[in-house]
Amino acid sequence: MMRDQWGVESVRLDKWLWAVRLFKTRSLAAQACESGRVKSSGRILKAASPIRGGELIELPFQEGPGTRVVRVLGLIERRVGAADARMNCEDLTSEDVMELRRLWSVDRTSRKEGSQGRPTKKDRRDIDRHRFFE
Numbered sequence: 001m002m003r004d005q006w007g008v009e010s011v012r013l014d015k016w017l018w019a020v021r022l023f024k025t026r027s028l029a030a031q032a033c034e035s036g037r038v039k040s041s042g043r044i045l046k047a048a049s050p051i052r053g054g055e056l057i058e059l060p061f062q063e064g065p066g067t068r069v070v071r072v073l074g075l076i077e078r079r080v081g082a083a084d085a086r087m088n089c090e091d092l093t094s095e096d097v098m099e100l101r102r103l104w105s106v107d108r109t110s111r112k113e114g115s116q117g118r119p120t121k122k123d124r125r126d127i128d129r130h131r132f133f134e
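Under full-length UniProt numbering, the letters of the sequence shown match residues 1 to 134, in that order.
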């Protein structure tokens, strides 16, 4: 942890995002910061931006629609277990965004009518028959 000019402890944003398990790798956390979509109090945060306890951070989900809002409860630099990570951040994301994400993931994983994925032997024969006899 670093101490700023007023003696307040702070941590690099990308390290904290990775340590509390909001991103799988630190480089993914840094990429999200460099995209300009990670904000706090309306200002864009860079990967090396120091954060302090109590700060609200808005960041995009790694995949899909919506923006997550989290409050910094504890400052950690090293990755910890999931239970300890939850103690260092509070998810304040609205229910509307969570419902939108749930619908997005259901739509993405649901199978559509018709053939999908690898063709069966019968499908392959039909494809060959259609391809060579027209």
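In this text, a Cβ means the ideal position worked out from N, Cα and C, and glycines have one as well.
These figures come from a predicted structure and were not determined experimentally.
As computed with DSSP, K39 is found in a beta bridge with I44, E58. Setting aside the 5 residues that flank it on each side, R26 is surrounded in the same chain by D14, W18, each with a C-beta closer than 6 Å to its C-beta; the list follows chain order.
Remark: C-beta atoms of V20 and E77 do not approach each other more closely than 8 Å. In the DSSP assignment, no residue is bridged to T93.
Here R71 is near L92, since their CB atoms are less than 8 Å apart. Taking a contact to require three or more Cβ pairs closer than 8 Å, the region 58-66 and the region 93-104 qualify as touching.
For the pair L103 and M87, the CB atoms are not nearer than the 8 Å cut-off. Counting the other Cβ atoms within 10 Å of the Cβ of V106 gives fewer than 16, which makes it exposed. Collapsing the DSSP output to three states places I127 in a helix. Under the three-state reduction of DSSP output, R68 falls in the strand class.
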